[in-house]
Every structure is written in structure tokens, then in C-alpha cells.
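> FYI, in mature numbering (1 follows the signal peptide of the UniProt record, and there is no 0) the residues of the sequence shown are -22 to -1, 1 to 305.
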Amino acid sequence: MHRFLAPLAAFALIASLSSSHAAPDNSEPPSKDPVWDQTRSPDWDASYQLVSIPSTIDGQAQMAYAYEAADAAPAPLVVSLHTWSSNYEQADPLAAILVERGFHYIHPDFRGVNNTPEGCVSELALQDIDDAIDYCLESWNVDPERIYVIGTSGGGYATCATYFKSKHRIAGFYAWVPITDLEMWYYQTKQRGLKYAQHIEQVLGGSIDSEEAKKRSPLYMPHRPREVPLHLFHGVDDGYRGSVPSIHSIQLYNRLCEEAGQPSLRVTHEQTIDLLSKAVRPTGRKLGGREIWFQRESPFATLTIFEGGHEMLVEVAADQLSEAAGR
């Protein structure tokens, strides 16, 4: 077993938390979508282009909503990734904020809902994200030194996978409440009766193939060192209120600490259990007005556990992108 994995006690704790607490209004009943996995498809403003980008692998057209910044000078690009159960049409609360601040913006499809073998960070889906970036670079005046990838939940999952797999030089990766271990999440959601367990079965051909699940799990993807860290954000109540317990972010952060040769920066087993059981005091620092429960950074990753559930703090995320891009 990898040293970055949490102890069995942590897994048992998460199972007991998931089963012993009444499921919240953003994850139950299973037929309803959590707040950050809405499939609602609003009418996008006419200022956004509906573009079709053919896959460079199989030629299949992948749709996206996109916005070209009006600046004459090269402008930064944000690639905002949809959640698990939706596609490029999904409402994105970041879009209007980023457009107002002068970003190029694209909201690509990458094979839509994660319930087919073609989706769920497959080679096809990840190439779709790279193809979307190529489209922007070829079509607009994009500053290639200021390209950012961001997503929440299933979009955070895809952001983490893009960190490991993208061919592009990305200036920043921001993953909010991501899934990082697909097999672990299968059992977590199956126990709670959530639809995602069935989706994962559909992705993996009807049964749980551990090796195939690992191929689709950022936690196990081959690492290509980057000059910028992967920023991980997780609500301390996710798993209580929401579908993705914070162990997913903690484990990936720990793995990247190990690979940076700095195991002393890891979240310890004891700290992991304290965080999962909320037996820890907040730090006194704030993230957009929310308490920060735990924060750590290493050369390859940062980890912030904040007061909240399964969510992105939209204004915080927009401000972080703006600060990084100098907007």
C-alpha cells in the first residue's frame, strides 16, 4: 500500500460518517442533483460563442461555450470544467465574473456526463480538454503563460487528471472538492445510495475493475512534475453534507508531498482522522469569510480545508484566478 494513503481507520471512519448521519438536502434523495452537480442548462448569453471542436483522436465534435476577451493585448485564458453529471451547457457561476475581468473563457464538454467509458477522464476526455486549449490558442490572442484550469466536484476531478496528463504548460490548477480515487468513491457513494455508484459501474463495464478504476484516478496517475502546484480545496463537511469526503484531497496532497521528497509536509494519520471527524479547531484564518480548518503547502500541491460542504467559493476562486493572472 502506498505511504500516502490514509490508514484503514480513516476509511472506516468515513464509512461510519456516511451511514450514521442523515443525508443532506444537496445529496438526497438520489434522484436529485447536489448543488454543485446541477444538470440545469440555462440560456447562455449571446456574447458567448457556441463552438464545435473536433477531437484529434476520433474526430468526434465536442461542443463548448466560449468567450473571446476584447483586449488587443494577449489575455489570460480560463478553462472551466463541468461537473460529473452535466456537460458544456451547465450553468457556470464563474463565467460572467471572469468575462467581466477580461479573461478568455471556455467551458468544454469532454464527453459529457461521466457514465460512459468515453467519459470519466478517459484518454478521449482528457484530449478533449487539451483540444479546447489548442482551439483557444489558435483562435484568440491568448497569453500562453497565463492559462488556468479550474473545476468543482467532477470538474475538480478532471482538473486533477489534467494536472497529471495535459501536454500544455498550465499556469495554475484549482480543484475544488475533487474525486481522486474512483474505486474508493464508488463504495462511498454506493453505501449512501447515490447515483454515482451506478455511473461508475457503467464507466467500468458493469463491474468494478480495480485496475481500470486506478487508470481513471488522479491518485494513481503517473506524475509529470510541473513548475506550479495543484491547489486543492475541500469543505470540512463534505461527506457529511455532500458526496465527496475530504479524504480525496488529503490523499492526493500527501502523494504529491511524497513525490516532492518532503514527507514531513504530509497530513499525518492523526491529523487526517481529526479532520475527518472534525475533532480539530479552525486556524483562525479566513477564506472568503469562511473559517480555514487546515492549510498546508508543498512544492507540488497546496491543501485548504475550509468551513463548508461540497462547493466552490465562487468569489474566492475568481479572485484567486484574477490575482494569479494580474487582472
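Just so you know, even glycine gets a beta-carbon here, dropped at the ideal spot from N, CA and C.
Taking just the CA atoms, how far does His288 sit from Asp3?
Note that Asp3 scores 35 on pLDDT, short of 50, meaning its location in the model is unreliable and no value can be drawn from it.
> Please list the segments of the beta strand (DSSP E) lying wholly inside the region 49 to 130, counting only runs of 3 or more residues, in order along the chain.
You should have 53 to 59, 82 to 86, 120 to 130.
> Pick helix, strand or coil for Ser30, following the three-state DSSP scheme.
strand
> For Ile251, tell me which candidate among Ser224, Gly266, Ile31 has the shortest Cα-Cα distance.
Ser224
> Specify the secondary structure class of Leu265 as computed by DSSP and reduced to three states.
strand
> Buried or exposed: which applies to Asp106, given that a residue is buried once 16 or more other Cβ atoms fall within 10 Å of its Cβ?
buried
> In whole angstroms, what separates the C-alpha of Gly80 from that of Arg124?
12 angstroms
> Measure how close the beta-carbons of Ser58 and Thr158 come, nearest whole angstrom, since I'm counting them as under 8 angstroms.
Rounded, the Cβ-Cβ distance is 19 angstroms, inconsistent with contact.
> Starting from the C-beta of Val282, find all residues in its chain whose C-beta is less than 8 angstroms away, skip the five residues before and the five after it, and write them out in chain order.
The sequence given here has Thr at residue 282, not Val. Excluding residues within five positions, the ones whose Cβ falls inside 8 angstroms are His209, Leu210, Phe211, His212, Leu265, Ile270, Phe272, Gln273.
> Can you tell which of Tyr113, Gly132, Ala50 has its C-alpha closest to the C-alpha of Val56?
Tyr113
> Nearest by alpha-carbon distance to Ser100: which of Val155, Leu160, Ile148 is it?
Between Ser100 and the set Val155, Leu160, Ile148, the nearest pair of CA atoms involves Leu160.
> Going by C-alpha distance, which of Trp118, Met162, Leu104 is nearest Pro52?
Comparing Cα-Cα distances from Pro52 to each of Trp118, Met162, Leu104, the minimum goes to Trp118.
> From the DSSP secondary-structure annotation, give me the bridge partner or partners of Ala42.
Answer by DSSP bridge pairing, in chain order: Val29, Pro86.
> Secondary structure at Leu253, three-state DSSP: helix, strand or coil?
Assigned with DSSP and collapsed to three states, Leu253 falls in helix.
> In the DSSP assignment, what residue or residues form a beta bridge with Ala279?
By DSSP's assignment, Ala279 forms a beta bridge with Leu208.
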